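The structure under discussion appears below in the form of structure tokens.
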Amino acid sequence: MEFKLNGNTIPYEGDPEMSLMTYLRDEEGIISPKDGCAPEGVCGCCTVLMDGNPLKACIAPMRRIEGKGWTAVRILYSRNHHENLAPVQSAIFDRKGS
Ligand code: FES
2 MEFKLNGNTI PYEGDPEMSL MTYLRDEEGI ISPKDGCAPE GVCGCCTVLM DGNPLKACIA
62 PMRRIEGKGW TAVRILYSRN HHENLAPVQS AIFDRKGS
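As structure tokens, this is what we get:
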């Protein structure tokens, strides 16, 4: 299967039952979705945007995102690409946020 992550097409052949939050944090190194209550799905700390709509990543299995496009803040990944950050990302980065 494949999906779009922050505008890039990503092939995925892993566990279809893995949560999107686990994938983001463990496979992509995107730690902005936080684990506040997983797998309860009540606090919203893990929220990402899927096709423009909020989605709690801790309760979304990878099979659910096939063919979808989603967005996650990618502060740590962007540290290697600081010149490409949006103004709000630069402000967070400059204050040591992640
Ligand atoms: S970690 Fe609380 S809703 Fe996902």
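Residues are numbered in our numbering as their position in the sequence shown, beginning at 1, plus a constant of 1.
In this text, a Cβ means the ideal position worked out from N, Cα and C, and glycines have one as well.
The structure displayed is predicted, hence computed values, not measured ones.
query, result
"Burial state of Val43 (16 or more Cβ within 10 Å)", "exposed"
"Cβ pair count under 8 Å reaching 3, the segment 56 to 70 against the segment 27 to 40", "yes"
"Residue of Asp27, Thr10, Gly45 and Leu6 minimising C-alpha distance to Asp16", "Asp27"
"For Ile66 and Leu25, believed in contact at Cβ under 8 Å, the rounded distance", "That pair is no contact at about 11 Å."
"Helix, strand or coil at Ile32 [DSSP, three-state]", "coil"
"Contact test: Glu29 Cβ vs ligand 1 heavy atom, cutoff 7 Å", "no"
"Residue span of the beta strand (DSSP E) that contains Asn7, given as start and end", "Element bounds for Asn7: n/a, residue is neither H nor E."
"Where Leu25 falls: helix, strand or coil (DSSP)", "helix"
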